[in-house]
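Trainee: Chains as they are written, first to last, in our numbering: chain V, 34 to 483; chain Y, 34 to 483.
1. On a Cα-Cα basis, can you pick out the residue from 78(Y), 40(Y), 52(Y) that is closest to residue 123(Y)?
2. Identify, in the order they occur along the chain, each residue of the same chain with its Cβ nearer than 8 Å to the Cβ of residue 116(Y), setting aside the five sequence neighbours on each side.
3. Answer with yes or no whether the minimum CB distance from residue 284(Y) to chain A is below 8 Å.
4. With a threshold of 8 Å between beta carbons, is residue 280(Y) in contact with chain V?
5. Measure how close the beta-carbons of residue 282(Y) and residue 201(Y) come, nearest whole angstrom, since I'm counting them as under 8 Å.
6. For residue 303(Y), which of helix, strand or coil comes out of DSSP?
7. Could you give the distance in angstroms between the alpha-carbon of residue 121(Y) and the alpha-carbon of residue 482(Y)?
8. Could you tell me whether any Cβ in chain V is nearer than 8 Å to the Cβ of residue 377(Y)?
9. Among the residues of its own chain, which have a CB less than 8 Å from the CB of residue 150(V), if the five just before and after it don't count?
10. Just checking: is the beta-carbon of residue 108(Y) within a distance shorter than 8 Å of some beta-carbon in chain V?
11. Where residue 219(V) and residue 182(V) are concerned, what is the direct C-alpha to C-alpha distance, given to the nearest angstrom?
12. Since residue 411(V) contacts residue 318(Y) with CB under 8 Å, what's their CB separation in whole angstroms?
13. Which residue marks the beginning of the beta strand (DSSP E) containing residue 243(Y), and which one marks its end?
14. With a threshold of 8 Å between beta carbons, is residue 227(V) in contact with chain Y?
15. Would residue 72(V) count as contacting chain Y if we go by Cβ distances under 8 Å?
16. Return yes when the C-beta of residue 109(Y) is under 7 Å from any heavy atom of the ligand GTP, and no when it is not.
17. Measure the C-alpha to C-alpha separation of residue 83(Y) and residue 154(Y) and round it to an integer number of angstroms.
18. Which residue marks the beginning of the beta strand (DSSP E) containing residue 361(Y), and which one marks its end?
19. Have a look at residue 338(Y) and residue 34(Y) and give me their C-alpha separation to the nearest angstrom.
20. With residue 372(Y) and residue 341(Y) assumed to form a contact (beta carbons below 8 Å), what rounded beta-carbon distance in angstroms separates them?
21. With contact counted as at least three CB pairs below 8 Å, one residue from each stretch, are the segment 445-464 of chain V and the segment 319-335 of chain V in contact?
22. Would the segment 289-302 of chain V and the segment 244-254 of chain V be scored as touching if the rule is three or more Cβ pairs under 8 Å?
23. Indicate whether at least one CB of chain V lies closer than 8 Å to the CB of residue 425(Y).
24. Is it true that the CB of residue 381(V) sits closer than 8 Å to the CB of residue 353(Y)?
25. How long is the line joining the alpha carbons of residue 364(V) and residue 465(Y), rounded to whole angstroms?
26. Quick one: grab the DSSP three-state call for residue 183(Y).
27. By DSSP, does residue 422(V) sit in helix, in strand, or in coil?
28. Counting only beta-carbon atoms, is residue 430(V) nearer than 8 Å to chain Y?
29. Among 230(V), 399(V), 349(V), 400(V), which residue has its Cα nearest to the Cα of residue 375(V)?
30. What residues in its chain sit with their C-beta under 6 Å from that of residue 355(Y), if we drop five residues either side in the sequence?
31. Just how far apart, CA to CA, sit residue 408(V) and residue 433(V)?
32. Starting from residue 339(V), trace the alpha helix (DSSP H) both ways and give me its first and last residue.
33. Report buried or exposed for residue 195(V), applying the criterion of at least 16 other Cβ atoms within 10 angstroms of its Cβ.
34. For the segment 301-329 of chain V, which residues have a beta carbon sitting closer than 7 Å to at least one beta carbon of chain Y?
35. Would you say residue 305(Y) and residue 171(Y) are within 8 Å of each other, going by their C-beta atoms?
36. Looking at the structure shown, is residue 153(V) part of a helix, part of a strand, or coil, going by DSSP?
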């Protein structure tokens, strides 16, 4: 056995669901599906429960207790009807759950806990083909059918690739992570044949890589990577994957092949950063930290994170527009939400250079000159490189003042915007130690150490 | 009489040489030229003294006491011979001068003072045409002949334009000024016909303006403005003119035509900046001043200033290369020479971001990673926008330290380089008040106020 094989075997022994785990999960899924079907008969609905996702395919990582169960409705139903009836059935099914709550993706569904398993009960249309879907979730059963017959016997390879991606932090297509989805992992293994073959291939991937297993793609995407959906020629399964997560995978794949180690399969949490370390690091770096803190809006992560990043990008652009140089920025959310910025300097000189039009006898040039000859400036209007120039007082010499004055003009998503409109604060350097949440302190360490 | 005519008349009354001045100057020139000619006969040299320049054309500003007298040698002489014989004659002529010294342009000449007049005695070849010159000075007699017949009756216009340019600070083609030469002023008046017509024309000049009075230009120059030499189709008379001086002239010409005032003809010296003003201004601006001070090398300005500006440009580029932002820079020379720099900040954080190659399985990428995984860094190697990145200690966090460490790698002309190699200091902010020279203090005011 090669060293890589030894590692894979050791990893599998940890992550492969046991027979007991499988049968418990199968029993629970069966019970819920039977309940859906009998509820359908009772109430005269033409519905059918089906198990989808990794639990249906035997590709879940041991210890993962998630079940995706779809309640399939006939496609001729209108959407409003589906939402009403679907929720009605899902709620009825959840009556004997430990807990349940309504959640919202493209339409409402029920998230319930049965015997410690997290179960999503999702109403969907039972359409004829993936290209005829009425809602994004309708696609899932097609993915299920495509994958389930092709992964017989290579489930372990899928488990290894998933765990490798989890270890290096690029697994999960949610908008918080922008990584590889479970379906994408399955398609990679089906396409390349094995975990190691996928790593070898990834090692030569380039930005703009295209994989089209059914050779039927119809659309060219501008994404870092395209995996044409075998069930829908116009869809990129890797649409959510960010360039940097793709590159991290490429990088670690090469590294692992060159110097294999089980450590790649273990996600190492950053250590909690304590106050003294923070003060020490910041002092050594010599930069200025500025954070915008506000109450985390009560929305799901797929809604929250795009808004956080939109705000982050907008604040960074604004700071740069006003000549502050942003070295690093990132976002964190727990009870509080933080957009954290590391600046070359939190302050700037009072004077700034302002370039006017080219020297000429135009009204534009005249207006510029007369405007600044009369106003409060640091210099006369002068000529440099053929253009009028003048030195003016800078509007904001403090980054904190700038953010406080212009924050409502930043790109703010709806919920982040409402939260900030209610209350926020701009904290600097040691003031950012007000939050003691462990996850926040791990975030701070990663912010500096990467 | 229009208001402009009144102004011109008033200016002329100040600057036009009186009859007494003219006859005194003519008498002195005659005396020197006769001496040259008789020395030639005595020693058997085929030479001839001629008066050239503004004093020959009656276009000098009253009070200006400069005479340019050329000692013309036959063109078949070799250059070494000309230099020896030329100097010999010039020295003999200067025996009864109040003082005299040898100076060096393209070849040596004598600068002497007779009766309070500064007289340049310049040996030159008497070639047949301006295109056949053996040395740059040989061209002057041709300029003299071209101009002298064409300016009869419009000498006053030349005086007005010269004085206007002196007033706004763009007169003089030396490498300290990069302005308009006397010959260029004369050609402009000959071409446009009068002082006011020249201003009107200048008001519509564009960058790249071409004037070709004899319509015989053969070369396209990349200069801000081209005045094809009427005596040499391949030469641009305005070659020394900088874009900004051209633009200042355009700007002031338009202004003057719109709102005439005698003030344009008076060069206003900046006031001397005292210590308190300096401290006040610097405090208000919030920037950092850094100056490199050294002994001014003992060379003529046309040698000194190109070297000073070369050094200035080189230090600015170096500072920017190391992430310091230069707001303004300038040079001054008296007994001491100063390259003065105004920086956004004299210091930078210890950390800097270093971008590596694109993520890939190349040896280049591997080298980058292994290099920085082993060295002392602020962060791990990470991936951003598809490239490897790492945060490193900045080599220079202080602009002063940077200059002190790298000054000998800057672009230093020969003489500035030798002076700096002997001794220099880098002074910051109030330290720059060590120099109390009035001209330096005027320079400081102009540096800030423009």
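Note that the Cβ used here is the ideal one computed from N, Cα and C, for glycine as well.
Mentor: Quick answer:
1. 78(Y)
2. 140, 141, 156
3. Included in the structure are the protein chains V and Y, with no chain A among them.
4. yes
5. 7 Å
6. coil
7. 49 Å
8. yes
9. 58, 61, 98, 99, 100
10. no
11. 12 Å
12. 6 Å
13. 242-244
14. no
15. no
16. In terms of ligand content, the structure shown is empty, and the ligand GTP therefore cannot be addressed.
17. 10 Å
18. 359-366
19. 44 Å
20. 7 Å
21. yes
22. no
23. no
24. no
25. 45 Å
26. helix
27. strand
28. yes
29. 349(V)
30. 429, 435
31. 26 Å
32. 334-354
33. buried
34. 317, 318, 319, 320
35. no
36. strand
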